[in-house]
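In our numbering, the protein residues as written are 17 to 198.
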């Protein structure tokens with residue numbers, strides 16, 4: 017339904033974003049009901065935007081009866097049960113309970129602190145190291161949220177490539193090349 021957005025949910029019966037069900041036969045005698053299960057993929061990271069669902073019904077066979085020639089066989093109208101070829105469509109939205117208060121709007125208060133372990137810190141907060149003392153500089157980032165949930169928060173790191181070699185970002189004991197994020 018929307019472009020540029022990855023798959024966020026699937027319909028269980030088809031394991032896809034769409035499902036086709038042959039319906040309509042006998043619907044004039046009683047409504048046809050079919051329950052479907054929708055599951056949220058484990059790769060979903062977007063809990064802010066709602067999931068939009070669109071349902072539509074249309075004729076599979078859009079054949080139109082033709083008038084017979086004079087004296088010809090009369091057309092069996094049971095082969096053409098629907099004369100109105102226009103379908104129907106319904107769209108609705110499922111919101112996520114983001115646990116962000118009564119207004120369901122998340123107002124976060126993210127605080128970021130960088131620490132350079134193993135390097136002395138002055139009273140004014142600046143770090144000082146001796147030239148040639150270390151070949152690497154370790155930086156630890158501490159992110160704290162003092163308010164409601166912060167969905168899709170991202171830490172951005174920039175460095176001056178004229179002053180530094182390409183840094184390596186280590187996350188959960190696995191190195192990550194910063195150039196991959198450019």
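Each residue gets a CB set at the ideal place from its N, CA and C atoms; glycine is no exception. Bear in mind that the values here come from a model prediction, so they are computed numbers and not experimental data.
Asked                                                                                                                   : Found
Distance between residue 67 and residue 18 (C-alpha atoms, nearest Å)                                                   : Because residue 18 carries a pLDDT of 49, less than 50, the predicted location of this residue cannot be relied on, and the following value inherits that uncertainty. Those two C-alpha atoms are separated by around 10 Å.
Neighbour-count burial assignment, residue 120, 16 or more Cβ in a 10 Å radius                                          : exposed
Close-in-space but distant-in-sequence residues of the same chain around residue 148 (CB under 7 Å, 5 per side omitted) : none
Beta bridge counterpart(s) of residue 128 as assigned by DSSP                                                           : 159
For residue 69, three-class secondary structure by DSSP                                                                 : strand
For residue 169 and residue 132, the rounded distance between their alpha carbons                                       : 23 Å
Nearest candidate by alpha-carbon position, reference residue 160, set 174, 154, 125                                    : 125
First and last residue of the uninterrupted beta strand (DSSP E) at residue 54                                          : 54-56
Within 8 Å, strictly: CB atoms of residue 61 and residue 103                                                            : no
Closer than 7 Å: residue 62 CB and nearest the ligand GTP heavy atom                                                    : Inclusion of the ligand GTP in the displayed structure is not the case, the ligand content being empty and no account of it being possible.
Closest Cα partner of residue 64 within the set 112, 138, 135                                                           : 112
Range of the contiguous beta strand (DSSP E) that encloses residue 104                                                  : 104-110
C-alpha distance - residue 164 paired with residue 173, whole-angstrom precision                                        : 24 Å
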